[in-house]
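Under the numbering used here, read the sequence shown as residues 21 to 82, first letter to last.
Here the structure is laid out as C-alpha cells; the discussion comes afterwards.
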Amino acid sequence: QKGLTSAVGIFVGLAVAGISVAVSAQIVPNDFAQIVMVAIGSAIFSAGLTFFLVQMNNLFNK
C-alpha cells in the first residue's frame, strides 16, 4: 500500500508541474521560449507517467 501511495503522489506532483510549465508558456512573449517550455512540460509529464506505469507494473507483477 505504501508503494502505491508514493507512486501516485509522485505522479500527481510531476503531472501538476509539467502541466503548469506547459500552460505558463502562454504568457511568455518569445515564440522560441514558448516552444521550449511546452516541450519541457511535456517531458516532465511523460517522465511522471513512465515512472507511474513502471511502478504499477512492479507492484502488480510480484
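No residue lacks a Cβ here, since even glycine has one placed at the ideal position from N, Cα and C.
Note to self: Going by DSSP in three states, Asn81 sits in which element: helix, strand or coil?
What the structure shows: Position 61 of the sequence shown, counted from the first residue, corresponds to residue 81. Asn81 falls in the coil class under three-state DSSP.
Note to self: Do Gly61 and Gly38 count as a contact pair if the criterion is CB distance below 8 Å?
What the structure shows: Residue mapping note: residue 38 aligns to position 18 of the sequence shown, counting from 1. Residue mapping note: residue 61 aligns to position 41 of the sequence shown, counting from 1. In this structure, Gly61 lies closer than 8 Å to Gly38 by Cβ.
Note to self: Counting C-beta neighbours from all protein chains within 10 Å, is the total for Phe80 16 or more, i.e. buried, or is it exposed?
What the structure shows: Counting from one through the sequence shown, the residue named residue 80 turns up at place 60. Exposed: under 16 other Cβ atoms inside 10 Å.
Notebook entry, point to check: From Leu34 to Gly68, what does the alpha carbon distance come to, in whole angstroms?
Noted result: Against the sequence shown, residue 34 aligns to sequence position 14. Against the sequence shown, residue 68 aligns to sequence position 48. When rounded, the distance between both Cα atoms is 5 Å.
Margin query: Rounding to the nearest angstrom, what Cα-Cα distance links Ser66 and Ala42 in this structure?
Written below: In the sequence shown, residue 66 corresponds to position 46, counting from 1. In the sequence shown, residue 42 corresponds to position 22, counting from 1. Near 12 Å, if we compare the C-alpha coordinates of Ala42 and Ser66.
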